[in-house]
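Residue numbers 7 to 154, in the working numbering, belong to the letters of the sequence shown in order.
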Amino acid sequence: MNQSIEIKPLQSIRKEQWMPLWQGYQTFYGANILEDISQNTWTKLSSADVPHMYGFAAVIEYEVVGIVHVIEHDSCWTIQPYAYLQDLFTLDEYRGQGVARKLIQQVYDTAMARQCDRVYWLTHHNNETAQKLYDRVAKKTGFIQYRI
7 MNQSIEIKPL QSIRKEQWMP LWQGYQTFYG ANILEDISQN TWTKLSSADV PHMYGFAAVI
67 EYEVVGIVHV IEHDSCWTIQ PYAYLQDLFT LDEYRGQGVA RKLIQQVYDT AMARQCDRVY
127 WLTHHNNETA QKLYDRVAKK TGFIQYRI
């Protein structure tokens, strides 16, 4: 890859730059999140007033090509909080070029600087492309999610 990937806090980009990737993420997973929820999400992710929710954007030549969202939360198993990497998305034409890897690394570096115990995330069992990267950068835990 010849282009340099710059990782920036979400506060340094505009909602109009974030929204197409947020919508792309929803489309990828077959979700349709209401506009008021998306507005609430953006407000929290881009505000210094909500320190436990934050995110980053991957930028190549002034274009936002990837996003990641993080939610820190307490745990019964550790004194330090966990960092949950909730959403990670890269534009199709930039996949396989190191964007997601750099976003994950930024989340990890930030979480460690903030004294989190760990970074963890979920992915769909059919998302084999993402799992190829995840298997190289993290340990699969074997846990299965249930939801009511």
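Glycine included, C-beta positions come from ideal geometry on N, C-alpha and C. Every value quoted in this text rests on a predicted model; they were computed, and no experiment measured them.
In the three-state DSSP reduction, ARG142 falls in the helix class (H, G or I). Between the alpha carbons of LEU97 and ALA119 lies a gap of roughly 28 Å. Separation of the CB atoms of ILE77 and ALA63 is rounded to 17 Å, and the pair is thereby denied contact status at 8 Å. In this structure the segment 78 to 88 does not lie against the segment 30 to 50, because fewer than three pairs of beta carbons, one per stretch, are closer than 8 Å. In the three-state reduction of the DSSP assignment, VAL65 falls in the strand class. Secondary structure at TYR88: strand, using DSSP grouped into helix, strand and coil.
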